[in-house]
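Those protein sequences? They're chains A and B, same order as listed. If you count by my numbering, then the first sequence holds residues 1 to 157, one letter each, in order. If you count by my numbering, then the second sequence holds residues 1001 to 1409, one letter each, in order. Just so you know, even glycine gets a beta-carbon here, dropped at the ideal spot from N, CA and C. This report concerns only the one structure given below.
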Amino acid sequence: MLSDNLREHAAAAAVENFDSDAVTGGKFDRGELTLEVAPAKIVSVCAFLKERQQFIRLSSVTAVDRYPAEPRFEVVYHLHSIERNERLRLKCRVRGEDLVIESVTPVWRSANWYECEVFDLFGIRFLRHPGLRRILMPDDWEGHPLRKDYPVTGSRA
Amino acid sequence: MSEPGVPGGIVAEVEGREAETGPRRMVLNMGPQHPSTHGVLRLLIELDGEIITHCQPDIGFLHTGIEKEFEVKTYQQAVTLTDRVDYLAPLSNNLGWCLAVEKLLGLEIPPQAQWMRVMLTELTRLNSHLVWLGTHAIDIGAMSVFLYCFREREEILRIFEMFSGQRMMTSYFRIGGLALEPPRGWYQRVKKFIDIFPSRVDEYENLLTSNPIWIGRTRGVGFISLEDMLDLGVTGPMLRAAGLKIDARKNQPYTSYDKFDFEVPTRTENDVYARYQVRIEEMRQSAKIIRQAMDGMPSGPWKADDPHVVLPDREKMKTEMEALIYHFKIVTEGFRVPEGEVYQVIESPRGELGYYVVGDGTATPYRVHMRTPSFGNLQAVPKMVEGILIADVIASIGSMDFVLGDTDR
């Protein structure tokens, strides 16, 4: 459910009208709009935003580890509409024991490498991704370095 | 834990392809030490004769874990990390980071510091475009352009050295303003440079713009449709060479860019030659901005007025107890940044540079993600080179102007 002051923002209201179950929260802070989306709905919401709301660009996909809180991970999408000169942040909370979320590569091909990066550094898996693999770390690397329980220094011996 | 993806990663994938493709196809490994890959990009290319049928970029050779490093540095210390991401445009990265943190803090930056920032980031754009032009021309075979470009670049680096003591990793911007006033004689030096620079751009153009070999190697080469580029995350001069007038300095102005008068150059041919023309014109526009910044530089303080964040003046520190305490606290502990998240976009010489910063109320960032233009642009390489001649690969990827430090972070 959206609060009334968020409904003033066209993009937020549009997503709410499209699928009222999809939006689980949101905020407008420091001039930036954030919508929290239920992980199961991410692909349909993204497709709607791209095709009907002119958010034709996906700037990046990244994640935040809230360890030890649950749901542990936030997957963060930054969308950009050139026509409306607007940016929008979508956020999905994913639980630590079930690290899977649907890939948005069918909507924007640019998600491909960004999702590989999130998989590589956080260990979140993306379903129906065309070639999920480690992209920055070596292929045989163990662990996911950007997790909060991964040490900053130390040797692997 | 079972991992998805191709077992054995990219190498196994290519070896698998080699086995499948049969006698007519050949898999060629280009890089990571190939000089024209400007760092350590590796391209795995499958050829049918001289035509590329498949291309798979392999990145990560320069991955240094900078995003992890951010999480154990104070906000001010982290400025030095941003230099090292895109080492050809250090001040653009400083600016993106400072703006993001200042947005989190809600800091107002005094006009003089803003104009100075504009001036320095535009000098950085010149620096970056000059390196691009010189190396791109060398890749294609025009050796002498490199020497001309590096002559001007050397002067820019000396200008950087004069105010910051460093040629490349300047780390000159501070959260809340600038480190120091520029030294005496600095403006005269910039003025002298900017007076001759437009004639130097004419010189490069004399060497290349109507050079039949240059035209032959670049015109009609490296085409990729605008729709594909937008879908694949390409930004910056690549989009502008395809006719899309997009520039964060105009669309979502930051640091007073809205007070400057400049054009966003575009072309419609969407090939290597058009990208060259766009960047040449951008250099002229940057020179124009630098001149405006110098002529209209407002007076006032160099730093924001917030004693909790900005270091006090040296003079005050030695005479006022209060200032000394603040100095000690900021240097030893850093300053606290309120909880929240921002995504700050600036137009780096390569395209959209975004800093996503999550603050948690402590003196170190909780999470920093850099949306770097090179990473986004490189994703379009396969689409761009598949179906063209292998000889055109160098010209095509050169026109993207990527930096591998920026890609791998």
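Limits of the unbroken beta strand (DSSP E) element including residue i
i, result
"A:R125", "R125 to L127"
"B:E1269", "It is not in any beta strand (DSSP E) - B:E1269 carries neither H nor E in the DSSP assignment."
"A:S195", "No information on residue 195 of chain A is available, as it lies outside the stretch 1 to 157 that chain A covers here."
"B:P1057", "I1051 to D1058"
"B:I1045", "R1042 to D1048"
"B:V1309", "Careful: B:V1309 lies outside any beta strand (DSSP E) and carries neither H nor E."
"A:I42", "Unbroken run through A:I42 is the alpha helix (DSSP H), I42 to R52; no beta strand (DSSP E)."
"B:G1405", "Element bounds for B:G1405: not the beta strand (DSSP E) but the alpha helix (DSSP H), L1404 to D1408."
"B:F1163", "Where B:F1163 is concerned, there is no enclosing beta strand (DSSP E), although the alpha helix (DSSP H) it sits in stretches over M1143 to S1164."
"A:G26", "V23 to D29"
"A:V107", "Unbroken run through A:V107: none, as it is neither H nor E."
"A:L90", "E86 to V94"
Residue i in three-state terms, based on DSSP
i, result
"B:Y1087", "coil"
"B:Y1343", "strand"
"B:E1352", "strand"
"A:A63", "strand"
"B:G1222", "coil"
"B:F1173", "strand"
"B:K1383", "helix"
"A:E102", "strand"
"B:G1005", "Since pLDDT at B:G1005 reaches only 47, below the 50 mark, its modelled position is unreliable, and the value read off the structure follows with that caveat. Three-state result, B:G1005: coil."
"B:R1275", "helix"
"B:K1303", "strand"
"A:L58", "strand"
"B:G1106", "coil"
"B:E1282", "helix"
"B:T1082", "helix"
"A:E36", "strand"
Of the residues the options, the one placed nearest residue i, counting alpha carbons only
i, options, result
"B:E1067", "B:V1357, B:F1163 and B:G1387", "B:V1357"
"B:S1092", "B:V1079, B:L1104 and B:P1212", "B:V1079"
"A:F18", "A:E32, A:D29, A:D98 and A:L2", "A:L2"
"B:G1340", "A:L6, A:A12 and A:G31", "A:G31"
"B:Q1056", "B:L1047, B:M1297 and B:E1263", "B:L1047"
"B:G1376", "B:S1348, B:T1332 and B:P1365", "B:S1348"
"A:W108", "A:D140, A:F55 and A:L136", "A:F55"
"A:E83", "B:E1263, B:R1314 and B:D1247", "B:D1247"
"B:T1364", "B:Q1077, B:G1236, B:V1190 and B:W1186", "B:Q1077"
"B:T1362", "B:V1072, B:R1158, B:I1059 and B:R1042", "B:V1072"
"B:D1392", "B:V1040, B:N1029 and B:I1051", "B:I1051"
"B:L1104", "B:Y1187, B:L1088, B:A1142 and B:Y1075", "B:Y1075"
"A:E8", "A:R134, A:K27, A:V100 and A:G123", "A:K27"
"B:P1182", "B:S1256, B:I1194, B:G1141 and B:R1117", "B:R1117"
"A:L90", "A:G25, A:D4 and A:N5", "A:G25"
Nearest-angstrom beta carbon gap, residue j and residue i [assumed within contact, 8 Å]
i, j, result
"B:A1287", "B:P1198", "6 Å"
"B:R1284", "B:M1238", "B:R1284 to B:M1238, Cβ: 19 Å. No contact."
"A:V118", "A:C46", "That belief does not hold up - the Cβ atoms of A:V118 and A:C46 are roughly 15 Å apart, past 8 Å."
"A:V64", "A:C92", "About 11 Å separates the two Cβ atoms, so there is no contact after all."
"B:V1337", "B:G1354", "Actually they are not in contact, since the Cβ atoms of B:V1337 and B:G1354 sit about 18 Å apart, beyond 8 Å."
"A:R95", "A:P71", "4 Å"
"B:R1219", "B:A1241", "Actually they are not in contact, since the Cβ atoms of B:R1219 and B:A1241 sit about 12 Å apart, beyond 8 Å."
"B:S1396", "B:G1243", "Their Cβ separation, rounded to whole angstroms, is 18 Å, which puts B:S1396 and B:G1243 out of contact at 8 Å."
Contact with chain B by residue i, beta-carbon distance below 7 Å
i, result
"A:N85", "yes"
"A:D29", "yes"
"A:H144", "no"
"A:H9", "no"
"A:R109", "yes"
"A:I56", "yes"
"A:T24", "no"
"A:W113", "yes"
"A:V61", "no"
"A:V37", "no"
"A:V43", "no"
Contact set between residue i and chain C, taken where Cβ atoms lie within less than 9 Å
i, result
"A:T105", "Going by chain labels, chain C is absent from the structure shown, which instead holds the protein chains A and B."
Host alpha helix (DSSP H) of residue i (start-end)
i, result
"B:L1126", "P1111 to I1140"
"B:H1327", "M1321 to E1333"
"B:E1227", "L1226 to L1232"
"B:R1200", "W1186 to L1208"
"B:G1376", "P1373 to L1378"
"B:S1029", "Per the sequence shown, residue 1029 of chain B should be read as Asn rather than Ser. Not the alpha helix (DSSP H): B:N1029 falls in the beta strand (DSSP E), residues R1025 to M1030."
"B:V1337", "No alpha helix (DSSP H) holds B:V1337; DSSP gives it neither H nor E."
"A:L6", "D4 to R7"
Min CB distance residue i to chain A below 7 Å
i, result
"B:V1358", "yes"
"B:R1158", "no"
"B:Y1343", "yes"
"B:G1300", "no"
"B:R1492", "Given a span of 1001 to 1409 for chain B in the structure shown, any question on residue 1492 of chain B remains unanswerable."
"B:N1211", "no"
Any non-hydrogen atom of the ligand ATP closer than 6 Å to residue i Cβ
i, result
"B:L1157", "Of the ligands one can find in the structure shown there are none, so the ligand ATP has no counterpart to examine."
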